[in-house]
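Visitor: Chains as they are written, first to last, in this note's numbering: chain A, 1 to 315; chain B, 316 to 411; chain C, 412 to 508; chain D, 509 to 621; chain E, 622 to 1223.
Just so you know, even glycine gets a beta-carbon here, dropped at the ideal spot from N, CA and C.
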């Protein structure tokens, strides 16, 4: 149908407008709102590209959590905007950077368009080997079986990033709690939201994980929704972030990668390869890893948003 | 039917672009929050229709997640805006 | 039968889009924050509600239909709370500036 | 087949914007924002490549789509680390400037005989 | 060395060693994260010997397989799955990394110990986990056979390295860490863009499969230039070096040693993997000459600015800049115009040997500088006199490490220089021979400058203004274990030349210091003399007020002034290049020029 490309053109057009706005905007908090809108629109683009799993991820992490992080940072940095506005690059520098960036972008575009037409793809191979894990969703197959190493290393990246964020705490506050969220006004709308939304969010998060075996979804997307819900509760002041030094919290933070390592080494000891699953046990084992993963990733993402500990660990 | 829906999506996206103008001109944080909320809703509506056009049933799940997280982002925005205005004083306890 | 369903879809979705249009124009034209808020919430619940209603017959299974209604309810909840927060922010801005 | 061309070009323009924003804007927060834009542009390249490789009944090649999911999580942790670093730097010095002399002059003063 | 034959089948139990060398640091980091408190250090120190043993076992097994040790993760063969591969290059880098990390662990035991009272402290907890994170990331970089796994490994490396820079929380280290993270992220996104295009063109990201499929198409050339420039940004090759000096100088001593010796080698190794394994046939004369020209500029700029430095740690950081340039000289020498391809020969062996000896020597020098800082309370070069008495081991380590870097026999750098000179002679590129010799002379220059100050008379004027120095801390005691670790590494770098590397590196068997005695002595004396001349001309020193030296200094008046002016010019150029917009512009310009240079051949 001729109309469909018009739709894509329009979606792409709006995405570009928002992207230009995010870069050009005068002050940063309106640029951040533009970025949140950009994240929502990107979810549309990913659905048009036939990748609902990635649309979920982009919507959840791209615009949800990253948006919340940037909004918090923009609010706190509003005072510092004057100090750096003086260093704006001169007109000549800007045009030079713009020209070079255009050339690089054009080179990538030309390269993209010159890719071979019967595009080489691993889809047939992924479909042929889907039987090994008994999972219907090809992307979960790739993440948890074919390229399980990338997924395991990625959870290690999350732990290292969290240690990096925690290392920015002042020495006195080590082992304490991240920034104190305000005791919101009890009858206010935020507390109402914090009481109604999280149950819905938890149900949706578990649903997204459970459905990921055969339909678009996944542990990361589910974890992001749980993390967002926990942050809403924290924001409303109904709960408080646990101390950084608490043992149970740390166990929860490494549960995902540790379970992954144990299953991987188990596969090695049972004669198969590292990170291989026993033949008819693949599906339950993968779901077990995913449940350990969803708790770990949700806690890690929420603590990454909460930031380094700033209050000493008073009871 | 798909042609009609495509036109509708085109219209919704146009309204979304218009909503952005308010973000551009919005003086206060309140305007920006409202614009973000409208953009969220337009995005969800467009997504639902696109899901039907390309008959991707998962688009509804994406819309669900988007609805949840647009609320979360708006709540984060409101909280930070409120705290930025009076960082340490406890919130006034006036009724809703 | 499907012609009637299609007709329902066309009518409902176009009504929904109309409310979106009204909401957006209201957001742009109205003088102060609170009136714009009024326009915005209309676009939210009515616009999306009608679009969801219009898509119900097109949705494949009952489960998808239920999810559509769920989306609408979630946006209603979001709309309600955000408008409260915006109202507080607007009053604070009004009182402090 | 046309959406891959449309979204491919859109991704290239977004990547170019990201590069431009990351280099030109002096404020680190805007650089992090531009980095996120650039990252989402590159992930869109993966999406277009995946869509071109659609075969065997899948709407897109699952391998690049899985790489994008891993990449988005890595990009998020990068943004979280960068923002935490920026906020701590801002709390420590009151300015968010990346200029060499902003914190304290790390460069050598050539006051040589 | 024949192409890797058994490339796609798993090599049985010995393959499991590859998995172990990644799992040991990762598992140790996770256990240490949960254990916390004092146990973090013990777990990390326990993991060091285990990892070293695994690395040595891998290095022993690789020559037996003839090509490379391969392990298919999850039992899935590429292109669907991910394979781990250890060829000669990765085996030697694994062993060197394990040794340097072990030495840094021993050295850091004193600095990062939990105080008596506290249950757990921020700095020790963070350091030990990030040390294991860097080690895990590096092992994955050396072993991964898939370009996207290499990307995730690079991110582990960067996220583990950045917090090390600002571990003590001072404002300028926070800024240095932020600049490092932002520029490294730009580099990794460019690398990812290149990976996308390669997958789009060939449907696989496996290194060996790609090497069989790659032809000269626009997509591949753009991918090659983007990935290379992205990796150069993470390796801080001039002009993309804006983040390195403040980051490496600001980090605590153990952190600086880790950053300078190892973290920078991770992205360098992937550039070598890209151009020698993935697309050897796509390089062009223009591109390789340009890459090595950047290396030569880095040697010149890094060394001259190092001579101008007032602080010891900044001097060593700029020396790292110069040595990174040294590593890239091998690209022009390894490119065979006739076969129009990169050859794995003397040049590659020389480059890798230089990388290994720099890793050991630079780690020793930063550890020694750390000990000198603890002993004297400051690291101002002008007032280093007396360090010899207080921390003799550290000064000896610094001197030995410096000599190893200069490339005096029997050091690894000397063998590397010999191999590079031989390949320069074979390919008739005499100008690179001149650059190699100049590199040795410059390295000797700033070494002599520091040693002259350390061993020279106590200079009254310099120590007088020590009290006004705000960063001077109280003078601490330096344990013998710290100095022993630095000395061991320096000695190890000096002895690298004695090993016969033919089993791992692409050199004919029996390549050792075979040249005659006269050549060896000449090769040893010449850089020292040239270094002395350069130090006198360009170095930052004030002639003593009276005595014979004063008349000699007066005679050199005009030359000295020219030298100082040249040095100041280089410092200004360095300060200009290290501004963020200029560095960003050079990043983009380099990507475009490199892409043009690559496609100039077609």
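Would the region 1056–1067 of chain E count as touching the region 926–938 of chain E if we require 3 or more Cβ pairs under 8 angstroms?
Guide: Segments in contact, yes.
Visitor: If you follow the alpha helix (DSSP H) that residue 704 (chain E) is in, where does it begin and where does it stop?
Guide: Premise fails: residue 704 (chain E) lies in the beta strand (DSSP E), 704–707, not in any alpha helix (DSSP H).
Visitor: Considering only the alpha carbon of each residue, which of A:204, A:278, A:252 and A:203 lies closest to residue 295 (chain A)?
Guide: Nearest C-alpha to residue 295 (chain A): A:252.
Visitor: Pick out whichever of E:1219, E:640, E:1049 and E:1144 has its Cα sitting closest to the Cα of residue 264 (chain A).
Guide: For residue 264 (chain A), the nearest C-alpha among the options comes from E:640.
Visitor: Taking the alpha helix (DSSP H) that residue 691 (chain E) belongs to, which residues open and close that run?
Guide: Careful: residue 691 (chain E) lies outside any alpha helix (DSSP H), inside the beta strand (DSSP E) at 690–693.
Visitor: Note down the Cα distance separating residue 567 (chain D) from residue 697 (chain E), rounded to an integer number of angstroms.
Guide: Going from the Cα of residue 567 (chain D) to the Cα of residue 697 (chain E) covers about 23 angstroms.
Visitor: Starting from residue 201 (chain A) and walking both ways along the alpha helix (DSSP H), at which residues does that stretch end?
Guide: Here the alpha helix (DSSP H) through residue 201 (chain A) covers 189–211.
Visitor: Work out the CA separation of residue 459 (chain C) and residue 352 (chain B) for me, nearest whole Å.
Guide: Distance between the alpha carbons of residue 352 (chain B) and residue 459 (chain C): 12 angstroms.
Visitor: Compare the C-beta of residue 918 (chain E) against all C-beta atoms of chain D and say whether one is closer than 8 angstroms.
Guide: No, its Cβ sits nowhere closer than 8 angstroms to a Cβ of chain D.
Visitor: So, helix, strand or coil for residue 728 (chain E), using DSSP?
Guide: Three-state DSSP puts residue 728 (chain E) in a helix.
Visitor: Only counting the same chain, and skipping five residues up and downstream in sequence, which positions put a Cβ closer than 7 angstroms to that of residue 1092 (chain E)?
Guide: In this prediction, residue 1092 (chain E) has a pLDDT of 49, which is less than 50 and means its spatial position is unreliable; what the coordinates show is noted afterwards. Contacts found: 999.
Visitor: Any beta carbon of chain D sitting closer than 8 angstroms to that of residue 636 (chain E)?
Guide: Not closer than 8 angstroms to any Cβ of chain D, the Cβ of residue 636 (chain E) fails to qualify, so no.
Visitor: Residue 672 (chain E) lies in the alpha helix (DSSP H); which residues open and close that run?
Guide: That run of the alpha helix (DSSP H) goes 660–685.
Visitor: At 4 residues or longer, what runs of the alpha helix (DSSP H) sit wholly inside the region 775–823 of chain E?
Guide: 792–823, all fully within the region 775–823 of chain E.
Visitor: Please return the same chain residues whose Cβ sits closer than 7 angstroms to the Cβ of residue 677 (chain E), not counting the five positions on each side in sequence.
Guide: Around residue 677 (chain E): 716.
Visitor: Do residue 1027 (chain E) and residue 950 (chain E) have their CB atoms nearer than 8 angstroms?
Guide: It is not a contact, given that the beta carbons lie outside the stated cut-off.
Visitor: Relative to the C-alpha of residue 869 (chain E), which residue among E:905, E:1223 and E:802 is closest?
Guide: If we check each option's Cα against that of residue 869 (chain E), E:802 comes out closest.
Visitor: Buried or exposed for residue 706 (chain E), please, with buried defined as at least 16 other CB atoms from any protein chain shown within 10 angstroms of its CB.
Guide: Looking at its Cβ environment, which holds 16 or more other Cβ atoms inside 10 Å, residue 706 (chain E) is buried.
Visitor: Against chain A, does residue 700 (chain E) count as a neighbour if the rule is that its beta carbon must be under 8 angstroms from one of theirs?
Guide: Yes, contact with chain A.
Visitor: Counting only beta-carbon atoms, is residue 50 (chain A) nearer than 8 angstroms to chain D?
Guide: So, interface residue.
Visitor: Can you pull the chain C residues whose beta carbon is under 8 angstroms from the beta carbon of residue 190 (chain A), in chain order?
Guide: Per Cβ cutoff of 8 angstroms: 492 and 496.
Visitor: If you scan the region 89–122 of chain A from start to end, which runs of the alpha helix (DSSP H) of 4 or more residues do you find wholly inside it?
Guide: The region 89–122 of chain A contains these whole alpha helix (DSSP H) runs: 91–113.
Visitor: Taking the alpha-carbon positions, what's the residue 1149 (chain E) to residue 911 (chain E) distance?
Guide: Roughly 29 angstroms separates the two Cα atoms.
Visitor: Could you tell me whether the Cβ atoms of residue 1161 (chain E) and residue 818 (chain E) are closer together than 8 angstroms?
Guide: No; because the gap between Cβ atoms is not below 8 angstroms, this pair is not in contact.
Visitor: Report, in whole angstroms, the separation of the C-beta atoms of residue 808 (chain E) and residue 778 (chain E), which I expect to be a contact under 8 angstroms.
Guide: About 12 angstroms separates the two Cβ atoms, so there is no contact after all.
Visitor: Enumerate in chain order the residues of its own chain whose CB-to-CB distance from residue 1085 (chain E) is below 6 angstroms, with the five nearest sequence positions on each side excluded.
Guide: Note that residue 1085 (chain E) scores 47 on pLDDT, short of 50, meaning its location in the model is unreliable and no value can be drawn from it.
Visitor: Am I right that residue 435 (chain C) and residue 454 (chain C) are in contact with their C-beta atoms under 8 angstroms? What's the rounded C-beta distance?
Guide: Yes, they are in contact, since the Cβ atoms of residue 435 (chain C) and residue 454 (chain C) sit about 6 angstroms apart, within 8 angstroms.
Visitor: At 4 residues or longer, and completely inside the region 999–1040 of chain E: list those alpha helix (DSSP H) runs for me, N to C.
Guide: Runs of the alpha helix (DSSP H) inside the region 999–1040 of chain E: 1008–1011 and 1013–1027.
Visitor: Can you pull the chain E residues whose beta carbon is under 8 angstroms from the beta carbon of residue 245 (chain A), in chain order?
Guide: 657, 740 and 741, listed in chain order.
Visitor: With 8 angstroms set as the bound, which would you pick, yes or no: does the beta-carbon of residue 10 (chain A) sit closer than that to a beta-carbon of chain B?
Guide: Interface residue, yes.
Visitor: For the 8 angstroms Cβ check, are there 3 or more pairs between the region 416–429 of chain C and the region 519–527 of chain D?
Guide: These segments do not touch.
Visitor: Relative to the C-alpha of residue 896 (chain E), which candidate in E:829, E:877 and E:1017 has its C-alpha closest?
Guide: Of the listed residues, the one whose Cα sits closest to residue 896 (chain E) is E:829.
Visitor: When the distance is taken between beta carbons, is residue 915 (chain E) closer than 8 angstroms to residue 865 (chain E)?
Guide: In this structure, residue 915 (chain E) does not lie closer than 8 angstroms to residue 865 (chain E) by Cβ.
Visitor: I need the straight-line Cα distance from residue 1113 (chain E) to residue 975 (chain E), nearest angstrom please.
Guide: Their backbone Cα atoms lie some 13 angstroms apart in a straight line.
Visitor: Using alpha carbons as the reference points, say which of B:355, B:371 and B:318 lies closest to residue 385 (chain B).
Guide: Comparing Cα positions, the closest option is B:355.
Visitor: Using a Cβ-Cβ cut-off of less than 8 angstroms, give me the residues of the region 570–604 of chain D that come near chain E, in sequence order.
Guide: Residues 571, 572, 575, 578, 579, 582, 585, 586, 589, 590, 593, 594, 596, 597, 600 and 601.
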